[in-house]
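Protein chains in written order, with this note's numbering: chain A, 34 to 482; chain B, 583 to 813.
Rendered as structure tokens:
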């Protein structure tokens with residue numbers, strides 16, 4: 034290629050720095066809008082898709098009736114019905130945890146959560162994970178073996194390790210709070226063997242200290258329930274206590290988010306009209322809402338900004354080229370070959386556009402990241418308002434943030450540059466049509482007159 | 583012997599809606615090296631159109647322009663402008679963001695004619711020959727006076743070692759003193775450097791200084807004075 038093309042192009046940019054800077058600034062601004070919206074669009078759509086794919090769907094049954102309409106007995110769902118839901122093919126597993134919060138003699142409270150499953154729900158959801166030892170076996174859960182998985186915090190404070198046998202002595206100490214006359218609290222001892230130690234994932238909140246099989250807790254819970262009733266002057270039979278215990282909430286982990294509809298249809302025939310199935314994704318909708326809204330908005334901004342960018346870029350380049358009409362006429366009168374003029378024009382625009390687009394990419398990314406940060410602050414606030422998302426999601430805010438961050442990949446950079454340079458080439462191509470039609474005689478005579 | 587440039591049955595008109603305004607018709611002429619030609623005519627007579635056809639800036643509607651016997655339309659108008667003619671306009675038509683010497687050098691880079699290897703020295707010497715000092719040669723052309731810019735334009739036309747120098751009202755924007763200087767340059771180009779110099783002008787002074795003078799009247803080219811305008 035003729036070296037004079039580059040020499041003339043460089044000389045033009047150097048001697049017409051004002052025009053070149055004006056073009057640079059316009060392309061830089063457009064590049065920022067384009068880069069930011071592209072980045073935001075990619076990030077939010079990828080994050081939304083990743084969140085949906087990683088989010089586990091949990092379903093449970095809630096009452097859907099007005100209690101005042103039932104004079105005598107409120108409607109109930111039998112355990113058999115709950116078990117039928119658990120047997121549906123959409124259910125990966127279910128859990129119906131008993132819970133025990135025994136006040137220790139040293140004044141500390143413990144949260145012991147029961148499980149029907151060898152992998153308790155919190156572990157399945159990724160809120161907790163084993164750092165030492167193991168989970169339960171199905172047989173241990175079934176038989177109610179006195180085994181426990183304890184938190185790292187509890188293990189540290191009690192200096193416990195896997196294999197240790199523990200005897201927790203506790204007061205049925207809530208009783209005096211309710212009845213000052215009850216002066217002789219019963220003291221109980223809960224014995225178990227530590228089979229695992231867990232840690233709560235970063236960004237997640239877990240209030241549990243110990244996980245044990247439901248069947249290992251049931252005797253303790255029955256005792257406390259009956260003692261508590263007794264403290265209030267109510268004598269419960271064993272059957273009545275068992276009935277109260279069985280009014281637990283069953284949580285069903287569905288295999289896939291797409292199973293919601295079929296599970297809901299199948300569940301309806303077992304739970305009747307007075308109950309409804311609730312999904313963790315109901316809260317997830319609130320959680321994902323701002324992300325999807327951002328994704329949609331950034332998509333709109335992306336297409337709008339692309340349209341505006343194309344229009345403005347072509348318009349600006351045409352103005353830029355039009356201002357050089359006279360110069361083109363002079364070059365043509367000197368006999369310069371038209372392809373050389375095309376190449377020179379392309380080179381000049383290319384240099385300015387690429388010089389503007391490259392820094393614009395990074396500033397656009399910065400703007401996008403700032404927007405993402407503000408979005409995540411909103412999400413974090415939203416998450417704090419509703420406890421379910423962090424309870425049922427297995428993604429921490431840090432992970433959500435990283436999903437946004439990690440989406441600025443090389444493919445995004447390439448797409449951005451290819452689109453930006455492509456647009457500029459389209460603009461130059463259009464302006465070349467103009468150069469092609471330049472008649473040196475008309476230009477020069479026009480100037481002369 | 584073949585003339586340097588020949589006009590054969592040249593026709594040109596401007597289409598103004600349905601109306602056809604004929605400016606050149608049945609033009610026959612020959613131009614040779616070493617002669618300073620002027621073409622006189624009132625405004626709108628077609629002088630500039632004729633010059634643009636000679637320069638290959640436009641194509642005739644009929645007839646041909648031959649350079650050394652070859653139709654410039656066939657050999658290529660760009661090539662004709664690049665290698666055969668140097669054009670001097672009334673408004674100079676210099677590239678404003680370039681210095682005087684850079685303007686001259688641009689034409690030297692574009693032509694395919696054989697030039698001395700050290701083009702920059704040639705350009706400075708040409709400008710010096712035309713009264714543009716080295717210091718002024720390195721100025722942007724917009725910093726030069728009208729007369730100086732016209733000299734730069736002439737230097738650019740000469741720099742490509744072409745045989746034909748075409749000028750359109752080259753003294754139109756200059757005072758009498760500067761006009762005389764340009765006339766002397768044009769005369770020396772024809773007489774000392776054997777160039778074919780063709781100038782279209784209103785100026786009687788310029789016409790009188792030329793060797794052969796034509797008059798363009800009613801679209802036709804007629805000899806103004808048989809033995810040259812300066813007799």
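The beta-carbon is built from N, C-alpha and C at its ideal position, and this holds for glycine as well.
Inset, instruction - Rounded to whole angstroms, what's the CA-CA distance from residue 300 of chain A to residue 108 of chain A? Just pull it up for me. - result: Their Cα atoms are separated by approximately 16 Å.
Legend entry - Beta-carbon proximity of residue 284 of chain A to residue 115 of chain A, cut-off 8 Å: Their beta carbons are not under 8 Å apart, which means residue 284 of chain A does not touch residue 115 of chain A by this criterion.
Legend entry - the region 340–374 of chain A: positions lying closer than 9 Å to chain B by Cβ: Those residues of the region 340–374 of chain A that come within reach of chain B (Cβ to Cβ, closer than 9 Å) are 359, 360, 362, 363, 364, 365, 366, 367, 368, 369, 370, 371 and 373.
Inset, instruction - List the residues of chain B whose Cβ lies closer than 7 Å to the Cβ of residue 48 of chain A, in chain order. - result: Result: 679.
Inset, instruction - Could you work out which residues of chain B lie near residue 473 of chain A, taking near to mean beta carbons separated by less than 7 Å? - result: Residues of chain B passing the Cβ test: 639.
Legend entry - Length of the line joining the Cα atoms of residue 700 of chain B and residue 61 of chain A: Looking at the backbone, the Cα of residue 700 of chain B and that of residue 61 of chain A are separated by about 41 Å.
Legend entry - CB contact below 8 Å: residue 56 of chain A versus chain B: Under the Cβ criterion of 8 Å, residue 56 of chain A is not counted among the residues facing chain B.
Legend entry - Residue closest to residue 615 of chain B, alpha-carbon to alpha-carbon, out of B:677, B:745, B:600 and B:669: That would be B:745, whose Cα lies nearest to the Cα of residue 615 of chain B.
Inset, instruction - Examine the Cβ distances between the region 619–633 of chain B and the region 593–609 of chain B and report whether three or more of them are shorter than 8 Å. - result: Result yes; three or more Cβ-Cβ pairs closer than 8 Å.
Legend entry - Distance between beta carbons of residue 708 of chain B and residue 673 of chain B, contact taken as under 8 Å: About 21 Å; that fails the 8 Å criterion.
Legend entry - Separation of residue 163 of chain A from residue 121 of chain A, as counted between CA atoms: Using only the alpha carbons, I get a separation of about 29 Å.
Inset, instruction - Leaving out five residues on either side along the sequence, give the residues of the same chain with a beta carbon under 7 Å from the beta carbon of residue 439 of chain A. - result: Note on residue 439 of chain A: pLDDT 48, under 50, position unreliable in the model; no value is reported.
Inset, instruction - Identify the contact partners of residue 543 of chain B in chain A, using a Cβ-Cβ distance below 8 Å as the criterion. - result: Lying before the first or after the last residue shown, residue 543 of chain B is absent from chain B, which here runs from 583 to 813.
Inset, instruction - Step through the CB atoms of chain A and report whether any lies within less than 8 Å of the CB of residue 597 of chain B. - result: For residue 597 of chain B, the answer is no, since every Cβ of chain A falls outside 8 Å of its Cβ.
Legend entry - Contact list for residue 661 of chain B against chain A, beta-carbon separation under 8 Å: Simply 368.
Inset, instruction - In the DSSP assignment, find the unbroken beta strand (DSSP E) run with residue 591 of chain B in it and report its ends. - result: First-last of the beta strand (DSSP E) with residue 591 of chain B: 587–598.
Inset, instruction - In the DSSP assignment, find the alpha helix (DSSP H) that holds residue 291 of chain A and state where it starts and stops. - result: Where residue 291 of chain A is concerned, there is no enclosing alpha helix (DSSP H), given that its DSSP letter is neither H nor E.
Inset, instruction - Could you check if residue 597 of chain B is buried or exposed, using at least 16 other CB atoms within 10 Å of its CB as the buried criterion? - result: Counting Cβ neighbours within 10 Å, residue 597 of chain B comes out exposed, since fewer than 16 surround it.
Inset, instruction - Could you check what DSSP says for residue 661 of chain B in three-state terms: helix, strand or coil? - result: DSSP places residue 661 of chain B in helix when its eight states are reduced to three.
Legend entry - Alpha-carbon spacing of residue 337 of chain A relative to residue 626 of chain B, whole angstroms: Between residue 337 of chain A and residue 626 of chain B, the C-alpha separation is close to 52 Å.
Inset, instruction - Compare the C-beta of residue 609 of chain B with all C-beta atoms of chain A and state if any pair is closer than 8 Å. - result: By this cut-off, residue 609 of chain B is not an interface position.
Inset, instruction - Using 10 angstroms around the beta-carbon of residue 693 of chain B, count the other beta-carbons present and answer buried if the total reaches 16, otherwise exposed. - result: With a threshold of 16 other beta carbon atoms within 10 Å, residue 693 of chain B meets it and is buried.
Inset, instruction - Could you tell me whether the region 164–178 of chain A touches the region 242–250 of chain A, where touching means 3 or more Cβ pairs closer than 8 Å? - result: Yes: at least three Cβ pairs fall under 8 Å.
Inset, instruction - For residue 809 of chain B, count neighbouring Cβ atoms within 10 angstroms of its own Cβ and tell me buried if that reaches 16, exposed if not. - result: At residue 809 of chain B, the pLDDT of 44 sits below 50, so the modelled position is not reliable; the number obtained from the coordinates is stated separately. Residue 809 of chain B is exposed by the Cβ-count criterion.
Legend entry - DSSP three-state assignment for residue 784 of chain B, whether helix, strand or coil: Residue state, collapsed to three classes: coil.
Inset, instruction - Would you be able to state if there are at least three C-beta pairs under 8 Å between the region 674–688 of chain B and the region 362–377 of chain A? - result: Output reads yes: the region 674–688 of chain B touches the region 362–377 of chain A.
Inset, instruction - On a CA-only basis, which of A:197, A:258, A:125 and A:135 is nearest residue 158 of chain A? Give me that one, please. - result: Of the candidates A:197, A:258, A:125 and A:135, the one whose C-alpha sits nearest the C-alpha of residue 158 of chain A is A:125.
Inset, instruction - Determine the direct distance from the alpha carbon of residue 57 of chain A to that of residue 736 of chain B, and round the result to whole angstroms. - result: Put simply, the backbone Cα of residue 736 of chain B is about 37 Å away from that of residue 57 of chain A.
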